[in-house]
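As structure tokens, the structure follows; a few thoughts come after it.
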Amino acid sequence: MPRTRKVTISTDAAGHTTGWATTGLAAATPVAPDQRAAAFFDVDNTMLRGASIYWLARGLAARNYFTTADLAQFAWRQARFRLLAAEHAGDMSHAREAALAFVAGWRVSDVERLTEEIFDELMASRIWPGSRALAQVHLDAGQRVWLVSATPVEVGRVIAQRLGLTGALGTVAEVVDGTYTGRLAGELMHGPAKAEAIVQLAAVEGLELVRCSAYSDSANDLPMLTAVGHPVAVNPDTALRRQARERGWQVRDFRTGRKAARIAVPSTVAAGFLAGAVTAGLAIRRRRATG
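In this note's numbering, the protein residues as written are 1 to 291.
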């Protein structure tokens, strides 16, 4: 029988998970052991309230990598984007060019260290207990659990490590001699790219996608959700909720009442735009520092 106890997420000095939130675990359907199956979770608004890159930006602002005014402008642009749902081809082209540019010249090791600190400070308490519980059901069945997100892969890996998951697929930045160039190595991990990534991973890992599960909050992830045999809508947006109803998919909504309406922090589809805003903030800071 599924457990119903409530435990707080915590990590030891090595960053290993020592406890995990299981609120809502009773609502998670037990999964049969299956070595040919895995679960794929979107991050932003599915596993984490808000967007991981937004919380990363807040943490960087707190460390004076750019100003709070830059952060406010950055958040406003994202909110406007989310409300208008203005995701057109030109927008995604801009997102691709902007994504990860803000880390140009940074050491990979520094970004990973900062992400670990910021996860513990700002993200850990924002993990949806119900989503973490769903992931644990798969882990308990001996299945691998992967995060799949447009967020930089280094950020996804930190989140996966902190939660005791298998790993993460994310947007990959070009690295030369341990330093980011500011360019992408491939495509933004978004939309169809997510489906392509899990298909490739399944081939490498010996998985059968028809036996796998995928979880997301956004209709933008329909390619990933339709690529597996067991799609689940988690905290779904209006379009995904409608698709889930029409297709007979499971829906898990861990939001309640006004809380669901209040959530206005960035979503996965805006990750590239958020990175672009961080880019602008850092550029402003650098000009101020050299002016």
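Heads up, the beta-carbon is just placed ideally off N, CA and C, and yes, glycines get one too.
Top-ranked residue by Cα proximity to residue 127, from 136, 213, 180 and 48
Walking along the sequence shown from the start, residue 127 turns up at place 127. That would be 48, whose Cα lies nearest to the Cα of residue 127.
What first and last residue would you give for the alpha helix (DSSP H) that runs through residue 219?
Numbered from its first residue, the sequence shown carries residue 219 at position 219. Per DSSP, residue 219 belongs to no alpha helix (DSSP H) and is neither H nor E.
Identify which residue in 41, 112, 193 and 121 has its Cα closest to the Cα of residue 62.
Within the sequence shown, numbered from 1, the residue matching residue 62 stands at position 62. For residue 62, the nearest C-alpha among the options comes from 121.
Using alpha carbons as the reference points, say which of 166, 233 and 142 lies closest to residue 32.
Walking along the sequence shown from the start, residue 32 turns up at place 32. Ranking 166, 233 and 142 by Cα distance to residue 32 puts 142 first.
Per DSSP, the bridge partner or partners of residue 152:
Reading the sequence shown from its first residue, position 152 is the one you call residue 152. According to DSSP, which records beta bridges pairwise, residue 152 is partnered with 171.
Residue 178 versus residue 243: straight-line alpha-carbon distance, rounded
Along the sequence shown, read from residue 1 onward, the residue named residue 178 stands at position 178. Along the sequence shown, read from residue 1 onward, the residue named residue 243 stands at position 243. Distance between the alpha carbons of residue 178 and residue 243: 43 Å.
Looking at the strands, I want to know which residues DSSP matches up with residue 250.
Taking the first residue of the sequence shown as position 1, residue 250 is located at position 250. Paired residue(s): 232.
Determine which residues share a DSSP beta bridge with residue 43 and list them.
Walking along the sequence shown from the start, residue 43 turns up at place 43. DSSP output for residue 43 lists no bridge partner at all.
Identity of the residues DSSP links to residue 146 by a beta bridge
Sequence index remark: in the sequence shown, residue 146 carries index 146 (1-based). Answer by DSSP bridge pairing, in chain order: 40 and 167.
Taking residue 200 as the reference, give the member of 173, 228 and 216 with the closest Cα.
Here residue 200 refers to the residue found at position 200 when the sequence shown is read from its first residue. Nearest option by C-alpha distance: 228.
Extent of the continuous beta strand (DSSP E) to which residue 180 belongs
Stepping through the sequence shown from its first residue, residue 180 is reached at position 180. Per DSSP, residue 180 belongs to the beta strand (DSSP E) from 179-184.
For the alpha helix (DSSP H) that residue 129 lies in, which residues bound it at each end?
Translated into the one-based positions of the sequence shown, residue 129 becomes position 129. Residues 129-140.
First and last residue of the alpha helix (DSSP H) that includes residue 122?
Taking the sequence shown and counting its residues from 1, the one referred to as residue 122 is at position 122. First-last for residue 122: undefined, no H or E at that position.
For residue 198 and residue 130, the rounded distance between their alpha carbons:
Working through the sequence shown from its first residue, we reach residue 130 at position 130. Working through the sequence shown from its first residue, we reach residue 198 at position 198. Spanning the two alpha carbons is a distance of roughly 23 Å.
Excluding sequence positions up to five away, which residues of its chain have a Cβ less than 8 Å from the Cβ of residue 105?
Here the question's residue 105 lines up with position 105 in the sequence shown. Only 179, 180 and 182 meet the Cβ criterion.
Less than 7 Å between C-beta atoms, sequence neighbours within five positions excluded: which residues of the same chain meet that for residue 107?
As a first step, residue 107 is located in the sequence shown; it is residue number 107 there, counting from the start. Taken in chain order, the residues that qualify are 178 and 179.
Based on DSSP bridge pairs, tell me the residues matched to residue 31.
Walking along the sequence shown from the start, residue 31 turns up at place 31. Paired residue(s): none; residue 31 is not in a bridge.
So the candidates are 256, 139 and 190; which of them puts its Cα closest to the Cα of residue 167?
On the sequence shown, residue 167 is found 167 positions in, with the first residue counted as 1. Checking every option, the nearest Cα to that of residue 167 belongs to 139.
Mind the definition here: the stretch 182-192 touches the stretch 201-211 only if three or more C-beta pairs lie below 8 Å; say whether that holds.
no
Any non-hydrogen atom of the ligand ATP closer than 7 Å to residue 204 Cβ
What this structure holds is no ligand at all, so the ligand ATP is not there to describe.
How big is the Cα-Cα spacing for residue 239 and residue 151?
Walking along the sequence shown from the start, residue 239 turns up at place 239. Walking along the sequence shown from the start, residue 151 turns up at place 151. Going by the C-alpha atoms only, they are around 22 Å apart.
Is the separation between the beta-carbon of residue 110 and that of residue 216 shorter than 8 Å?
Working through the sequence shown from its first residue, we reach residue 110 at position 110. Working through the sequence shown from its first residue, we reach residue 216 at position 216. At the C-beta level, residue 110 and residue 216 stay beyond 8 Å of one another.
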